[in-house]
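Per this note's numbering, the sequence shown starts with residue 32, numbered consecutively.
Ideal Cβ placement from N, Cα and C applies to all residues, glycine included.
Owing to the predicted nature of the structure, the values given are computational and were not obtained by experimental measurement.
As structure tokens, the structure follows; a few thoughts come after it.
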Amino acid sequence: MSSRLPNKTALITGAGSGIGSAIATLFAQQGARVALFDLDGETTEALAAELKQQSGQHCFAYSADVTQPEEVQRAVSEAQQALGPIDILINCAGVNVFRDPLALEDDDWQRCMEVNLKGPYNLIRSVLPGMLARQYGNIVNVASVHGHKIIPGAFPYPVAKHGLIGLTRSLGVEYASQGIRINSISPGLIMTPAAEAWLASCPDPQAERERQAALLPCKRIGEPQEVAYTALFLASDEARFINATDILVDGGRSQIYHE
Ligand code: NAP
Numbered sequence: 032m033s034s035r036l037p038n039k040t041a042l043i044t045g046a047g048s049g050i051g052s053a054i055a056t057l058f059a060q061q062g063a064r065v066a067l068f069d070l071d072g073e074t075t076e077a078l079a080a081e082l083k084q085q086s087g088q089h090c091f092a093y094s095a096d097v098t099q100p101e102e103v104q105r106a107v108s109e110a111q112q113a114l115g116p117i118d119i120l121i122n123c124a125g126v127n128v129f130r131d132p133l134a135l136e137d138d139d140w141q142r143c144m145e146v147n148l149k150g151p152y153n154l155i156r157s158v159l160p161g162m163l164a165r166q167y168g169n170i171v172n173v174a175s176v177h178g179h180k181i182i183p184g185a186f187p188y189p190v191a192k193h194g195l196i197g198l199t200r201s202l203g204v205e206y207a208s209q210g211i212r213i214n215s216i217s218p219g220l221i222m223t224p225a226a227e228a229w230l231a232s233c234p235d236p237q238a239e240r241e242r243q244a245a246l247l248p249c250k251r252i253g254e255p256q257e258v259a260y261t262a263l264f265l266a267s268d269e270a271r272f273i274n275a276t277d278i279l280v281d282g283g284r285s286q287i288y289h290e
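Written as structure tokens, this is what we have:
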């Protein structure tokens, strides 16, 4: 089978876990050189070594906090030196912050916005000059169904994810005439370590897991690979006329108004 990302270099944030890890794995299998960014350098280094062995592609890990612009810039420069110009950026690092709006601490608001909204912008600002110089680049932001619909009890996460979809649309239009495409993906509930941690925090995790699956029209929770395949399509030249838009990957759940 021919690869779908031949001679492409992709940078993936949040690559050490869940959806980001699935995207990094699929992209390496599809012929891309991958730069794995995450907070935890050890996990991503082990994954990079494994991907390199499996795919034969150049895969490197970088420890970088997406909320720190200088750290991000330094890691992007190192990645470009090692792998070449970045063709594809996947902003996947994210964090669940679910609080009672009136009990929310300023620090929690700040963390939610910094990781989920400013973080993707920090990465975009670092890779965009190189993409503009080459008049080529594909950016995919991992947003959420929380960027479309409101689930009570999840504040302020939806505020950040609505903002991320706004960032996608705004910058997608801004740079469209210069060979840059910027899109987002909005996953529904996907079984990842973050989702497992949320389920574990519920009073009856097994009952909540079954309740969540029953809410979905397809009666099952999503898998990280299902988001990864959507990222692969958007990041590839197959999607060359798709820009400044969002794809829901939620098994149809968010289209239901009433049961
Ligand atoms: P995950 O398993 O927790 O993976 C997220 C990764 O991002 C982790 O490796 C985490 O590192 C990293 N990260 C967190 N803060 C960071 C920072 N400041 N700088 C760099 N890396 C950071 O989560 P996931 O479920 O795969 O979610 C991935 C993305 O999908 C997120 O943007 C999330 O909002 C979105 N999403 C997920 C779901 C779902 O149901 N799973 C649904 C909709 C949207 P640590 O583990 O070290 O903190």
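Identify which residue in 132, 225 and 211 has its Cα closest to the Cα of residue 183.
Closest in C-alpha terms to residue 183, from the list 132, 225 and 211, comes 132.
Considering only residues of the same chain and omitting the five flanking positions on each side of residue 191, which have a CB-CB separation below 7 Å?
Here the set comprises 143, 144, 147 and 148.
Round the Cβ separation of residue 35 and residue 265 to the nearest angstrom and send it over; I've been treating them as touching at under 8 Å.
Incorrect: roughly 11 Å between the Cβ atoms, too far for contact.
Tell me whether residue 128 counts as near the ligand NAP, meaning its Cβ is closer than 7 Å to at least one heavy atom of that ligand.
Relative to the ligand NAP, even the nearest heavy atom lies 7 Å or more away from the CB of residue 128.
Please name the residue or residues paired with residue 216 in a DSSP beta bridge.
In DSSP, residue 216 forms a bridge with 173 and 278.
Three-state secondary structure (DSSP) at residue 186?
Correct three-state label for residue 186: coil.
Could you tell me which uninterrupted alpha helix (DSSP H) segments, each at least 4 residues in length, are contained entirely in the stretch 143-171, listed from first to last along the chain?
If we require 4 residues or more, the alpha helix (DSSP H) runs fully inside the stretch 143-171 come out as 150-165.
Kindly provide the ranges of any beta strand (DSSP E) runs that are 3 or more residues long and lie completely inside the stretch 93-129, ordered along the chain.
Counting only runs of 3+ residues, the beta strand (DSSP E) found wholly inside the stretch 93-129 occupies 119-122, in chain order.
Given 8 Å as the limit, is there contact between the stretch 43-50 and the stretch 62-76, that is, 3 or more CB pairs closer than that?
Using a C-beta cut-off of 8 Å, the stretch 43-50 makes contact with the stretch 62-76, since at least three inter-stretch Cβ pairs fall below that distance.
So, are the CB atoms of residue 59 and residue 86 less than 8 Å apart?
At the C-beta level, residue 59 and residue 86 come within 8 Å of one another.
Can you list, in chain order, the residues of its chain whose CB lies under 6 Å from that of residue 259, leaving out five sequence neighbours each side?
Cβ neighbours of residue 259 within its own chain (closer than 6 Å, five residues either side excluded): 53, 54 and 57.
Cβ neighbour criterion (16 or more within 10 Å) applied to residue 189
By the neighbour-count rule (16 or more Cβ atoms within 10 Å), residue 189 is buried.
With a 10 Å radius around its C-beta and 16 neighbouring C-beta atoms as the bar for buried, classify residue 90 as buried or exposed.
A buried status is given to residue 90, since no fewer than 16 other beta-carbon atoms sit within 10 Å of its beta-carbon.
What is the residue span of the alpha helix (DSSP H) that residue 40 lies within?
For residue 40, there is no enclosing alpha helix (DSSP H); the residue is found in the beta strand (DSSP E) stretching over 40-44.
Quick one, which of 288, 212 and 96 has its alpha-carbon nearest residue 125's?
Of 288, 212 and 96, the residue nearest in Cα terms is 96.
With a threshold of 7 Å (Cβ to nearest heavy atom), would residue 70 be considered close to the ligand NAP?
For the ligand NAP, at least one heavy atom lies less than 7 Å from the Cβ of residue 70.
Return yes when at least one heavy atom of the ligand NAP lies under 7 Å from the C-beta of residue 226, else no.
Correct: residue 226 has its Cβ closer than 7 Å to the ligand NAP.
Quick one: what does DSSP say residue 66 is sitting in, helix, strand or coil?
Strand, per DSSP.
What residues are listed by DSSP as bridge partners for residue 91?
Note: residue 91 sits in a beta bridge opposite 66.
Report all residues from its chain with a CB closer than 6 Å to the CB of residue 83; omit the five preceding and five following residues, and keep chain order.
Closer than 6 Å at Cβ, skipping near neighbours: 90.
What does the alpha-carbon distance come out to for the pair residue 277 and residue 73?
Those two C-alpha atoms are separated by around 32 Å.
Bridge partner(s) assigned by DSSP for residue 253
Its beta-bridge partners are 221.
Determine the closest residue to residue 220 out of 268, 193, 214 and 242, with distance taken between C-alpha atoms.
When only C-alpha atoms are compared, the closest one is 242.
The ligand NAP heavy atom lying under 7 Å from the CB of residue 220
In terms of side-chain proximity, the C-beta atom of residue 220 is found nearer than 7 Å to a non-hydrogen atom of the ligand NAP.
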